[in-house]
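Comments concern the structure below.
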Amino acid sequence: MTNKRILEPATTLRPLPVVLLSCRDTNGENNIITLAYAGIMCARPPVVTVGIRPATHSHGIICRTREFVINLPGEEHLEAIQLCGTKSGRQLDKFAASGFTPVEASRIKAPLIAECIISFECTVRHVIGAGSHDVFMAEVLAVQVDQERCDERGWPLSGEHRPVMLNLGGYYGLGESLGSR
Ligand SMILES: Cc1cc2nc3c(=O)[nH]c(=O)nc-3n(C[C@H](O)[C@H](O)[C@H](O)COP(=O)(O)O)c2cc1C
102 MTNKRILEPA TTLRPLPVVL LSCRDTNGEN NIITLAYAGI MCARPPVVTV
152 GIRPATHSHG IICRTREFVI NLPGEEHLEA IQLCGTKSGR QLDKFAASGF
202 TPVEASRIKA PLIAECIISF ECTVRHVIGA GSHDVFMAEV LAVQVDQERC
252 DERGWPLSGE HRPVMLNLGG YYGLGESLGS R
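Our numbering applies: residue 102 is where the sequence shown begins, and numbers increase by one.
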């Protein structure tokens, strides 16, 4: 006897940290897309994945340029997260509309978002069609951090950064520390 109920296959594996992916098209136009389908795949070399719908403007840019930056926003960026996740760069300059500042990256042409505490400069190594989303597996070539809000290892200082999580039903903040591991 069990109290489990078997559901249809689904991806209700939450919460997920919300990230902002910035990219630059071959014509020099910058764009930002809000993503929750993002994760770490490998530590050495550092490899990340993002899942992006082919219909988005960002998907086309990343296929053309094979590079992007993953930026970690904070609770203070909630409005911009929503804007970059509901409007398309085809219609709107999302850097201008959100008030974010593009900054040149060190290893790639795609811009960083200055206001985000940490940014990962990535180059695409593999593209895998998975169905509704394509998976871009990318190597991190450089990491840039806000040195006033991170420690000497480049880790965001607790109290200096409040990440945004996507849970079932909406956005959530991170709770208190439960202890070190
Ligand atoms: C919280 C949140 C998370 C999202 N996560 C994803 C995602 O992981 N993959 C994706 O393809 N779209 C995701 N979206 C939707 C895109 O951000 C949205 O389609 C965006 O307008 C596409 O912009 P673009 O056309 O400029 O690329 C998300 C939206 C929100 C609000």
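No residue lacks a Cβ here, since even glycine has one placed at the ideal position from N, Cα and C.
Looking at the structure shown, is Gln183 part of a helix, part of a strand, or coil, going by DSSP? Within the sequence shown, the letter at position 82 stands for residue 183. In this structure, Gln183 counts as helix in the three-state DSSP scheme.
Exposed or buried, Ala137, counting other C-beta atoms within 10 Å across all chains shown (16 or more means buried)? Position 36 of the sequence shown, counted from the first residue, corresponds to residue 137. Label assigned to Ala137: buried.
Answer yes or no: do Arg263 and Gly129 have a C-beta to C-beta separation smaller than 8 Å? Translated into positions along the sequence shown, residue 263 becomes position 162. Translated into positions along the sequence shown, residue 129 becomes position 28. No.
On the criterion of 16 or more Cβ atoms from any shown chain inside 10 Å, does Ile162 qualify as buried, or is it exposed? Start at 1 with the first residue of the sequence shown, and residue 162 comes out as number 61. So Ile162 ends up on the buried side.
Rounded to a whole number of angstroms, what is the C-alpha to C-alpha distance between Val225 and Lys105? Counted from its first residue, the sequence shown places residue 225 at position 124. Counted from its first residue, the sequence shown places residue 105 at position 4. The straight-line gap from Cα to Cα measures roughly 40 Å.
Beta carbon of Ile134: closer than 7 Å to some heavy atom of ligand 1? Walking along the sequence shown from the start, residue 134 turns up at place 33. Yes; taking the cut-off as 7 Å, the Cβ of Ile134 has a heavy atom of ligand 1 nearer than that.
Compute the Euclidean distance between the alpha carbons of Ala239 and Asn131, then round it to the nearest angstrom. The residue labelled residue 239 in the question sits at position 138 within the sequence shown. The residue labelled residue 131 in the question sits at position 30 within the sequence shown. Ala239 and Asn131: Cα-Cα distance of roughly 19 Å.
Starting from Gln245, follow its DSSP beta bridges and name the residues at the other end. Locating residue 245 in the sequence shown gives position 144, counting from the first residue. Partner(s): Ser220.
Taking the Cβ atom as the reference point for each residue, do Phe283 and Glu222 lie within a distance shorter than 8 Å? Absent from the structure is residue 283, since the part of the chain shown begins at 102 and ends at 282.
Across the region 225-235 and the region 256-276, are there enough close Cβ pairs to call them in contact, namely three or more that are closer than 8 Å? no
Within 10 Å of its beta-carbon, does Glu168 have 16 or more other beta-carbons around it, so buried, or fewer, so exposed? Counted from its first residue, the sequence shown places residue 168 at position 67. Flag for Glu168 reads buried.
Is the separation between the beta-carbon of Ile219 and that of Leu121 shorter than 8 Å? Taking the sequence shown and counting its residues from 1, one reaches residue 219 at position 118. Taking the sequence shown and counting its residues from 1, one reaches residue 121 at position 20. Contact: no.
When the Cα of Thr113 is compared with those of Gly280, Arg282, Gly276 and Gly271, which residue comes out closest? Your numbering for residue 113 matches position 12 in the sequence shown. Ranking Gly280, Arg282, Gly276 and Gly271 by Cα distance to Thr113 puts Gly271 first.
Hey, would you say the C-beta of Ile219 is under 7 Å away from at least one heavy atom of ligand 2? With respect to small molecules bound, the structure shown includes ligand 1 and not ligand 2.
When you measure from the CB of Arg208 to every non-hydrogen atom of ligand 1, does any distance come out below 7 Å? Taking the sequence shown and counting its residues from 1, the one referred to as residue 208 is at position 107. False, no ligand heavy atom lies under 7 Å from that Cβ.
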